[in-house]
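Quick notes on the structure that follows.
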Amino acid sequence: MLVLCVAGPSPKRPIKAGKKGKEGKEQVEGKKTPSTNGSKRHQEQKTLLISEMASYEAIKNFDDDDDEDVEMALPHNQISESRSATVSPTIAQTTPLHLHINNIIEEQHIIARHQPQPQPKSPRLVSLDVFRGLTVALMILVDDAGGLIPALNHSPWNGLTLADYVMPFFLFIVGVSLALTYKKLSCGVDASRKASLRALKLLVLGLFLQGGYFHRVNDLTYGVDLKQIRWMGILQRIGVAYLVAALCEIWLKSDDTVNSGPSLLRKYRYQWAVALILSFLYLCLLYGLYVPDWVYQIQTEPSSEPKTFSVKCGVRGNTGPACNAVGMIDRTILGIHHLYQRPIYARMPECSINSPNYGPLPPDAPAWCQAPFDPEGLLSSVMAIVTCLIGLHYGHIIVHFKDHRVRIIYWMIPTSCLVVFGLALDLFGMHINKVLYSLSYTCVTAGAAGILFVGIYLMVDVCGCRRMTLVLEWMGMHALMIYILAACNVFPIFLQGFYWGSPHNNILKLIGVGT
Numbered sequence: 001m002l003v004l005c006v007a008g009p010s011p012k013r014p015i016k017a018g019k020k021g022k023e024g025k026e027q028v029e030g031k032k033t034p035s036t037n038g039s040k041r042h043q044e045q046k047t048l049l050i051s052e053m054a055s056y057e058a059i060k061n062f063d064d065d066d067d068e069d070v071e072m073a074l075p076h077n078q079i080s081e082s083r084s085a086t087v088s089p090t091i092a093q094t095t096p097l098h099l100h101i102n103n104i105i106e107e108q109h110i111i112a113r114h115q116p117q118p119q120p121k122s123p124r125l126v127s128l129d130v131f132r133g134l135t136v137a138l139m140i141l142v143d144d145a146g147g148l149i150p151a152l153n154h155s156p157w158n159g160l161t162l163a164d165y166v167m168p169f170f171l172f173i174v175g176v177s178l179a180l181t182y183k184k185l186s187c188g189v190d191a192s193r194k195a196s197l198r199a200l201k202l203l204v205l206g207l208f209l210q211g212g213y214f215h216r217v218n219d220l221t222y223g224v225d226l227k228q229i230r231w232m233g234i235l236q237r238i239g240v241a242y243l244v245a246a247l248c249e250i251w252l253k254s255d256d257t258v259n260s261g262p263s264l265l266r267k268y269r270y271q272w273a274v275a276l277i278l279s280f281l282y283l284c285l286l287y288g289l290y291v292p293d294w295v296y297q298i299q300t301e302p303s304s305e306p307k308t309f310s311v312k313c314g315v316r317g318n319t320g321p322a323c324n325a326v327g328m329i330d331r332t333i334l335g336i337h338h339l340y341q342r343p344i345y346a347r348m349p350e351c352s353i354n355s356p357n358y359g360p361l362p363p364d365a366p367a368w369c370q371a372p373f374d375p376e377g378l379l380s381s382v383m384a385i386v387t388c389l390i391g392l393h394y395g396h397i398i399v400h401f402k403d404h405r406v407r408i409i410y411w412m413i414p415t416s417c418l419v420v421f422g423l424a425l426d427l428f429g430m431h432i433n434k435v436l437y438s439l440s441y442t443c444v445t446a447g448a449a450g451i452l453f454v455g456i457y458l459m460v461d462v463c464g465c466r467r468m469t470l471v472l473e474w475m476g477m478h479a480l481m482i483y484i485l486a487a488c489n490v491f492p493i494f495l496q497g498f499y500w501g502s503p504h505n506n507i508l509k510l511i512g513v514g515t
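Be aware that the sequence shown starts at 1, since it is given in full-length UniProt numbering, and climbs by one per residue.
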């Protein structure tokens, strides 16, 4: 650029004539010639500045913050032309062009030396999406095939089946994701507001999808009686756990430096304290509350009067289907008409002749067999929050440790402890129970989630075997959409809107779904 400035043609100045007779002609030439030469000079300055601005833009590109650098959003030619148009007149009116450009280049060199180098963006942790997608696929599998294969369906009461892992897996991965979402916070109040809005959206969406508005496939009806709307559900539980875990991550962490396992525990000691307090509160209520006798009514026939059933309890610390504190709290606070009307324990041998499937009542069925019971109730959701906080700890390991081997070691230590502790609790009488969300169930399923997550992390992020998991990765990135369309029967009900002659002659009946 300097060579061009020095070697470039110098502008010619008009020569004044000495004779008086040619004065008019020379005045005309004196007006035209400077205009032409000034235009050439302006064009040369513009060309030089366009070349010079290319290096200026390269320096600007070191800025990672697109919001602060408005020019990053403009096309390259627009930037150069706008800069040339604004700077050229100033240069033409002040210092010589080559001196001005020399000063600009020196300033740019100084800026470039002090400009922070761009930080490479961390690659996306694919194992999170694969884990979430696998959980969605597992949920669809147990929903569709659970009635045919009892081992896939939910356990009627105590015990653990494949379907019982779905909910804790979702909560676990929510916690892991929260640690990555809130690893850098600019404003805690703003982050809390956004987390509250997200949780509120999940609650409203859960009420709409699982509150009773959508009916079963082939019912061909929709709508819900507000006197019987179901307040709790899967999305509501995830929303509550998400909100509590997010607030803990935003506000309950110290400024300690993390360089080892003990220092990691110290930094997040208040979050562990919340998990322990919630577990202690759950155990105190489950085993300490007195459960009195209670009654309920159900409509046996559409035109008949409701039938009343009386359930005898009068006990403390009972973890059976009829007299546990989890159901009592839900009946008292939410109301028995706002609970899940098809209880899971109706598949027990005492309540179904087709156990472990639903079926007709045995002749000597107990009174509680048809009582509503919500598997996503209030007290059981307390332990769901603990599962989310456990997943949060696994996310902290991702944030603070970058070595694969170190991460796996720090993951496997709590994983092993959780599984062993949960199995020990089950052995000593605190049974694994998904409906109650018992402490043993929390530990075993969280440990199982840790084992599965480590396996997926090794296969996908360490070994790079992504091709075979592309479908699961896509499902994990669109988990909520798939859940709404598939698991909540929104897509099948949508297809039922297309029929021939009669609403019962719809597409689903043609392909044999729901018949």
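Every residue gets a Cβ at the ideal spot worked out from N, C-alpha and C, and that includes glycine.
- If you check the CB distance, F309 and P343 do not come in under 7 Å.
- Secondary structure note for V244: its alpha helix (DSSP H) is the uninterrupted segment 234-251.
- By DSSP's assignment, I298 forms a beta bridge with K307.
- Per the coordinates, the alpha-carbon of K307 lies some 13 Å from the alpha-carbon of C369.
- With 16 or more other Cβ atoms inside 10 Å of its own Cβ, T442 counts as buried.
- DSSP places W474 in the helix class (H, G or I) of the three-state scheme.
- Within 10 angstroms of the beta-carbon of P168 lie 16 or more other beta-carbons, which makes it buried.
- Taking the CA atoms as reference points, L286 sits about 19 Å from L423.
- Shortest Cα-Cα distance from P356 to any of M139, T469, P150 involves P150.
- Taking a cut-off of 8 Å for Cβ pairs, the stretch 195-204 and the stretch 241-248 touch, as three or more such pairs fall below it.
- The C-alpha of A346 is placed about 15 Å away from the C-alpha of G159.
- Assignment of beta-bridge partners to R316 by DSSP yields Y290.
- Buried is the label assigned to Y410, since at least 16 other Cβ atoms lie within 10 Å of its Cβ.
- Taking C-beta separations shorter than 8 Å and ignoring five residues to either side along the sequence, the partners of Y182 in its chain run A191, A246, E249, I250, following chain order.
- Per DSSP, reduced to three states, the secondary structure at S260 is coil, with no helix or strand assignment.
- DSSP lists no bridge partner for W368.
- Taking all protein chains shown into account, F131 has 16 or more neighbouring C-beta atoms within 10 Å of its C-beta and is therefore buried.
- Residue range 378-400 is occupied by the alpha helix (DSSP H) that includes G395.
- If only uninterrupted beta strand (DSSP E) runs of at least 3 residues are considered, none is enclosed by the stretch 413-455.
- Within 10 angstroms of the beta-carbon of K434 lie 16 or more other beta-carbons, which makes it buried.
- When only Cα atoms are considered, Y437 and W500 end up about 46 Å apart.
- For a cut-off of 8 Å, the C-beta gap from G377 to I329 is around 7 Å, short enough to register as a contact.
- When C-alpha distances from C351 are compared across P156, L125, D129, the shortest belongs to P156.
- Residues of the same chain with a CB within less than 8 Å of the CB of L418, apart from the 5 flanking positions on each side, are I390, C443, V444, A446, G447, G450 in chain order.
- Shown here, W231 sits in coil according to DSSP, grouped into three states, outside any helix or strand.
- Assigned with DSSP and collapsed to three states, W157 falls in coil, not helix or strand.
- S254 sits in coil when the DSSP states are folded into three classes, being neither helix nor strand.
- Residue environment analysis places C323 among the buried positions, since at least 16 neighbouring C-beta atoms fall within 10 angstroms of its C-beta.
- Bridge pairing for S502: W500 [DSSP].
- Counting the other CB atoms within 10 Å of its CB gives A273 a total below 16, which places it among the exposed residues.
- Non-local C-beta neighbours of R266 in its own chain, meaning closer than 6 Å and more than five positions away in sequence, comprise D256, ordered along the chain.
- By a beta-carbon distance limit of 8 Å, R405 does not contact I397. Their separation comes to about 12 Å.
- Rounded to whole angstroms, the gap between the alpha carbons of L203 and M477 is 21 Å.
- Taking C-alpha positions only, N354 is separated from V291 by approximately 30 Å.
- With contacts defined by Cβ atoms closer than 7 Å, H154 and R230 do not form a contacting pair.
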